[in-house]
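Peer 1: Questions regarding the structure given below will be posed in turn.
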Amino acid sequence: GDLLLLRELTGGLYFGKPSEGRRGADGGREAVDTMFYSEAEIRRIVRLGFELAQARPRKKLTSVDKQNVLATSRLWRKVVEEERGNFPEIDLDHKLVDAAAMLLIKYPAAFDVIVTENLFGDILSDEAAVLAGSLGMLPSASLGARKTSHGSFGLYEPIHGSAPDIASQDKANPIGTILSAAMMLEMSLGESDAAAAIRNAVWQTIAGGCRTSDLMPLAPDPSGPIVFNGGTGAMTDQINENLFMLLDKEEALP
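If you're matching positions, the sequence shown starts at 4 in the numbering used here and goes up one per residue.
As structure tokens, this is what we get:
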């Protein structure tokens, strides 16, 4: 199965005030960052986590915090428990962030939907990329409170951003972008069949051995498929070809 990680994007350590470098009373340098969360910020993302878990077969939600140390995490956990009563069919558990980081590597299949705050989500989402083989594989969405008739308005993009260091070199893995489009079709536009077709085309392309440089194995498996190293364009062309073949097969069905 797959893993869905929800990261709160508007609060937490990255936006709290004060955030500054300064001189201490002894004249030495010091710095301060402030982690701040309001109940409303927490409740919004936690409720979305429950709703997304409710729409998935396993109906499992893991809330990640550091409630044994941080006041913001203690508030976070209280809000999660308050929302729990609105979603009695959801299998909810709480994990401290250090334990969650370990379990993501050791038992990734134990997770279904993860919801967490900004800093923890920043770190755990990059860790989770290792499970898929590369940051270039992963789609993401920044979802707003405004709703479409099928879901939420959102900004969809690969989790790695624009990758300016390899711009115009035909090196970038296009899969994160393509799967972001599939996520948009499903989560904002209600086109789950189209999203599934795109995902199937991606999986077929990978299973067929097509790789961008970030996915090339150090030592190819001689018993596995023949692996060929293509650029951004070649990978995209192969995914498109598989997608059109899938769509043609569906149209041919009685």
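Each residue gets a CB set at the ideal place from its N, CA and C atoms; glycine is no exception.
Anyone know if the C-beta pair for glycine 27 and valine 116 falls short of 8 Å?
Peer 2: Against the sequence shown, residue 27 aligns to sequence position 24. Against the sequence shown, residue 116 aligns to sequence position 113. The criterion of a C-beta distance shorter than 8 Å is not satisfied by glycine 27 and valine 116.
Peer 1: Using 10 angstroms around the beta-carbon of glutamine 57, count the other beta-carbons present and answer buried if the total reaches 16, otherwise exposed.
Peer 2: Position 54 of the sequence shown, counting from 1, holds the residue named residue 57. It is exposed - the Cβ of glutamine 57 has fewer than 16 other Cβ atoms within 10 Å.
Peer 1: Under a Cβ-count criterion, where at least 16 other Cβ atoms within 10 Å of its own Cβ denotes burial, should glycine 108 be classed as buried or exposed?
Peer 2: For the purposes of this step, residue 108 is taken as residue 105 along the sequence shown, with counting starting at 1. A quick correction: the sequence has isoleucine, not glycine, at residue 108. Classification for isoleucine 108: exposed.
Peer 1: Closest to leucine 246 by C-alpha separation, out of Glu120, Met38, Ile181, Thr119, would be which residue?
Peer 2: As a first step, residue 246 is located in the sequence shown; it is residue number 243 there, counting from the start. Residue Ile181 is the option with its Cα nearest to leucine 246.
Peer 1: On the premise that serine 191 lies in contact with leucine 8, defined as a C-beta separation below 8 Å, what is that separation, rounded to the nearest angstrom?
Peer 2: Residue 8 sits at position 5 when you count from the first residue of the sequence shown. Residue 191 sits at position 188 when you count from the first residue of the sequence shown. Not a contact, Cβ separation roughly 18 Å.
Peer 1: Suppose only complete runs of 3+ residues qualify. What are the beta strand (DSSP E) ranges in the segment 51-112, listed by chain order?
Peer 2: Taking only runs of at least 3 residues, the beta strand (DSSP E) segments lying wholly in the segment 51-112 are 63-68, 94-99.
Peer 1: Could you give the residue range of the alpha helix (DSSP H) that holds alanine 131?
Peer 2: As a first step, residue 131 must be located in the sequence shown, where it is residue number 128. First-last of the alpha helix (DSSP H) with alanine 131: 121-135.
Peer 1: Check each candidate in Ala166, Gly31, Val35, Ile209 and name the one with the smallest Cα separation from glycine 1.
Peer 2: Any property of residue 1 remains undetermined from this structure, which presents the chain solely from 4 to 257.
Peer 1: Quickly, what does DSSP pair alanine 34 with across the bridge? List them, please.
Peer 2: Taking the first residue of the sequence shown as 1, we reach residue 34 at position 31. Gly24.
Peer 1: In the DSSP output, what is lysine 174 paired with across the bridge?
Peer 2: The residue you call residue 174 lines up with position 171 of the sequence shown. Its beta-bridge partners do not exist; DSSP assigns none.
Peer 1: Nearest CA to the CA of alanine 204: which residue from Leu250, Arg214, Gly164, Leu188?
Peer 2: Residue mapping note: residue 204 aligns to position 201 of the sequence shown, counting from 1. Measuring from the Cα of alanine 204, the nearest candidate turns out to be Leu250.
Peer 1: Tell me whether the beta-carbon of alanine 148 lies closer than 8 Å to the beta-carbon of arginine 47.
Peer 2: The sequence position of residue 148 within the sequence shown is 145, counting from 1. The sequence position of residue 47 within the sequence shown is 44, counting from 1. Yes. Within cutoff.
Peer 1: Taking all protein chains shown into account, do 16 or more other C-beta atoms lie within 10 angstroms of the C-beta of valine 100, making it buried, or fewer, making it exposed?
Peer 2: Looking up residue 100 in the sequence shown gives position 97. Classification of valine 100: buried, given that the 10 Å Cβ count is 16 or more.
Peer 1: According to DSSP, is isoleucine 162 helix, strand or coil?
Peer 2: By one-based count along the sequence shown, residue 162 stands at place 159. Note: isoleucine 162 maps to coil in three-state DSSP.
Peer 1: Can you list, in chain order, the residues of its chain whose CB lies under 8 Å from that of isoleucine 93, leaving out five sequence neighbours each side?
Peer 2: Taking the first residue of the sequence shown as position 1, residue 93 is located at position 90. The beta carbon of isoleucine 93 sits closer than 8 Å to those of Phe53, Ala56, Gln57, Lys62, Lys63, Leu64, Arg87, all from its chain and outside the five residues before and after it, given in chain order.
Peer 1: What do you get for alanine 276, buried or exposed, if any count of 16 or more other CB atoms within 10 angstroms of its CB means buried?
Peer 2: This structure leaves residue 276 out entirely; the chain is present only between 4 and 257.
Peer 1: Below 8 Å between beta carbons: does that hold for glycine 193 and proline 142?
Peer 2: Taking the first residue of the sequence shown as 1, we reach residue 193 at position 190. Taking the first residue of the sequence shown as 1, we reach residue 142 at position 139. Cβ distance not < 8 Å, so glycine 193 and proline 142 don't count as in contact.
Peer 1: Taking only the alpha-carbon atoms, compute the straight-line gap between asparagine 121 and proline 225 and give it to the nearest angstrom.
Peer 2: Within the sequence shown, the letter at position 118 stands for residue 121. Within the sequence shown, the letter at position 222 stands for residue 225. In this structure, the CA atom of asparagine 121 is about 42 Å from the CA atom of proline 225.
Peer 1: Going by DSSP in three states, alanine 222 sits in which element: helix, strand or coil?
Peer 2: Along the sequence shown, one-based indexing puts residue 222 at 219. Coil at alanine 222, not helix or strand.
Peer 1: How would you label alanine 200, buried or exposed, when you count the other beta carbons within 10 angstroms and need 16 or more for buried?
Peer 2: Here the question's residue 200 lines up with position 197 in the sequence shown. Buried, by the Cβ-count rule.
Peer 1: Compute the Euclidean distance between the alpha carbons of glycine 269 and threonine 75, then round it to the nearest angstrom.
Peer 2: Since the first residue of the chain shown is 4 and the last is 257, residue 269 is not available in this structure.
Peer 1: Could you tell me whether any Cβ in chain C is nearer than 8 Å to the Cβ of glutamine 207?
Peer 2: Protein chains in the displayed structure number just one, and chain C is not present.
Peer 1: Out of Gly154, Pro177, Ile169, Ala112, state which residue places its alpha-carbon closest to the alpha-carbon of glutamate 160.
Peer 2: Taking the first residue of the sequence shown as 1, we reach residue 160 at position 157. The shortest Cα separation from glutamate 160 among Gly154, Pro177, Ile169, Ala112 belongs to Pro177.
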